[in-house]
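Residue numbering for the sequence shown is 5 to 307, as defined by the numbering used here.
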Amino acid sequence: MKITKRKAMLFTVVLLIPTVMAVTVFANESQFIANSGSGIDNSYNWAGYVASGGTYTSISGSWIIPQINSPIANTADTSWIGIGGVTNGDLIQTGTQAIVNAAGKVSYQAWYELLPRGSVPISVSVNPGDSITASITQQQNNQWSILLRDNTNGQSFQKTVTYSSSLSSAEWIEEMLSAGRGRGFIPLDNFGIVQFSNASTIKNGNTINIAPAGAEKMTMANGWQDLATPSAIGSDGSTFAVTRTNVTSTPSIRHPFGRRGWQRTGIGIRGIVPSRWNNYFRVGQGSGVRSNYITYSDLTGRG
């Protein structure tokens, strides 16, 4: 279902979870709330730039892994590039993430993901302050090359995968991690600022930066308050920054249009009924899709 820009009253439902238990994380489960005609869309869990309206066969970009400021237990964030996932349910992506467990310890990891399957860890050591460069390129038909390199320590990862993509969009995103399909989101950590650069894509056969690609801002918003905001694109047409605001992030779910909201589920953007969230953060339950991210031991430091 295509994203529709509209004016709407926003209603917020907040579920306070005193202890986050067994959680399976998907690097992307996006809930978009579009505003009216400003060229800036709001998302519950994405902040950055999104290009659509064309055929996208490659994307690349660099970013600096941010240092988590004053780590708050049971929070996380992830930075990534990807193709698809805005107007269609397919999404191929790669990036890095930070997880703060219940003891306040921060761990960093690189990953790739082919929706609807869960994230796969990448064997590249990453740390705050490291410069990361990543690319995703269609080689032929459904064959894709995924590349992620840590420019600081010289480690790199490359893998060719088979994946059917709609080629419908390209994204450069800072994200609040999903806790699994139908489970809501892990609160956003205090990442400060993440700097993106060298952002480019192949659109309709032409290699261009994000500015000429017509990419639009995506602001991460919690009700009426912004959690993370992208800057304007730099004069070079390929750089921008995403800044974390001082608004507190909580495990919450927003249903913006009365009874129905929007959820990215891996089968496109579609309406959901609030009752589907009754098992939000169910203790000890998996999602049915295998993932190596955020388990009970990740968040508590215990097995």
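Cβ atoms here follow ideal geometry from the backbone N, Cα and C, with glycine treated the same way. Remember, predicted model here, so these are calculated numbers, not experimental data.
In the three-state reduction of the DSSP assignment, Asp94 falls in the coil class, being assigned neither a helical nor a strand state. Counting along the chain, the unbroken beta strand (DSSP E) around Thr166 starts and ends at Ser160 to Thr166. Around the beta carbon of Ala236, fewer than 16 other beta carbons sit within 10 angstroms, so the residue counts as exposed. Closest option to Thr59, judged by alpha-carbon separation, among Val198, Ile72 and Thr211: Thr211. Looking at the backbone, the Cα of Asp154 and that of Gln142 are separated by about 22 Å. Per DSSP, reduced to three states, the secondary structure at Arg121 is coil, with no helix or strand assignment. In this structure, Ser173 and Gly99 do not form a Cβ contact; the two beta carbons are roughly 16 Å apart against a cut-off of 8 Å.
With respect to the 8 Å criterion, Ala102 and Asp134 are not classified as neighbours on the basis of their beta carbons.
Within a 10 Å sphere around the beta-carbon of Gln144 sit fewer than 16 other beta-carbons, which makes this residue exposed. By the Cβ neighbour-count rule, Trp228 is exposed, with fewer than 16 other Cβ atoms within 10 Å of its own. Boundaries of the beta strand (DSSP E) around Gly52: Trp50 to Ser56. About 7 Å separates the beta carbon of Leu152 from that of Ser160, a gap short enough to meet the 8 Å contact definition. Here the C-alpha atom of Val251 lies approximately 6 Å from the C-alpha atom of Leu231. When the alpha-carbon of Gly52 is set against those of Thr254, Gln113 and Ile197, the nearest one is in Ile197.
The bridge partners DSSP lists for Pro234 are Val246. The DSSP-derived three-state label of Ile190 is coil. In its chain, beyond the 5 residues on either side, Ile37, Asn46, Ser47, Tyr48 and Leu231 have a beta carbon closer than 8 Å to the beta carbon of Ala225. Taking 8 Å as the upper bound for CB-CB distance, Val130 and Gln147 are not in contact here, some 26 Å apart. Secondary structure at Met180: coil, using DSSP grouped into helix, strand and coil.
Taking 8 Å as the upper bound for CB-CB distance, Ser139 and Ser64 are in contact here, some 4 Å apart.
DSSP lists Asp81 and Tyr112 as the beta-bridge partner residues of Ala102. Contact annotation: Ser62 and Thr137 have beta-carbon atoms that are not nearer than 8 Å. Distance from the CA of Ile177 to the CA of Thr156, rounded to the nearest whole angstrom, comes to 21 Å. In its chain, beyond the 5 residues on either side, Ser201 have a beta carbon closer than 6 Å to the beta carbon of Thr243. By the neighbour-count criterion, in which 16 or more other beta carbons inside 10 Å mark a residue as buried, Gly122 falls on the buried side. Ser173 sits in a strand when the DSSP states are folded into three classes.
Here Asn226 is bridged, per DSSP, to Gln229. Nearest to Ile85 by C-alpha distance, out of Glu179, Gly238, Leu192 and Ser253, is Glu179.
Apart from sequence neighbours up to five positions away, the residues of its chain that approach Ser111 with a beta-carbon distance below 6 Å are Ile103, ordered along the chain. Put simply, the backbone Cα of Thr91 is about 24 Å away from that of Leu192.
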